[in-house]
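Below is one structure, written out as structure tokens; the observations come after it.
Residue numbers (the numbering used here): 2 to 124.
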């Protein structure tokens with residue numbers, strides 16, 4: 002059986018700190034295989050963040066319930082601290098998943114990272 006080309010893209014997480022906000026970029030598949038390994042790095046990045054965290058989803062190629070649980074867990078960590086968590090630049094499949102799951106009503110979702118950053122200036 003040839004499995005070439007069927008491997009899931011490896012998930013990754015990168016944190017960039019700016020004066021008034023932090024951008025956390027998630028890439029690859031956000032699923033049952035990757036979410037557990039991303040949980041600790043995401044929680045660490047959130048603990049060190051300022052008043053606004055932008056989660057850049059533009060590089061997420063797939064997301065399942067485990068990925069959504071990771072995002073809602075991040076919100077549970079930031080909300081009591083008064084940290085605004087904004088999801089940015091979801092691809093069409095991710096934006097649809099956020100809508101049908103109802104999470105687009107729970108999270109602030111912006112079409113671009115720049116639009117999410119503007120929120121920091123308006124807050």
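Glycine residues also receive a C-beta, built at the ideal position from the N, C-alpha and C atoms.
Tell me the rounded alpha-carbon separation between residue 94 and residue 65.
Annotation: residue 94 to residue 65 spans about 11 Å, alpha carbon to alpha carbon.
Please say whether residue 39 and residue 12 have beta carbons closer to each other than 8 Å?
Contact: yes.
Can you tell me which of 58, 53, 35 puts its alpha carbon nearest to the alpha carbon of residue 119?
It is 53 whose Cα lies nearest to the Cα of residue 119.
Please state whether DSSP places residue 101 in a helix, a strand or coil.
DSSP places residue 101 in helix when its eight states are reduced to three.
Span of the beta strand (DSSP E), counted from its first residue to its last, around residue 15
13-18 is the span of the beta strand (DSSP E), which, as asked, contains residue 15.
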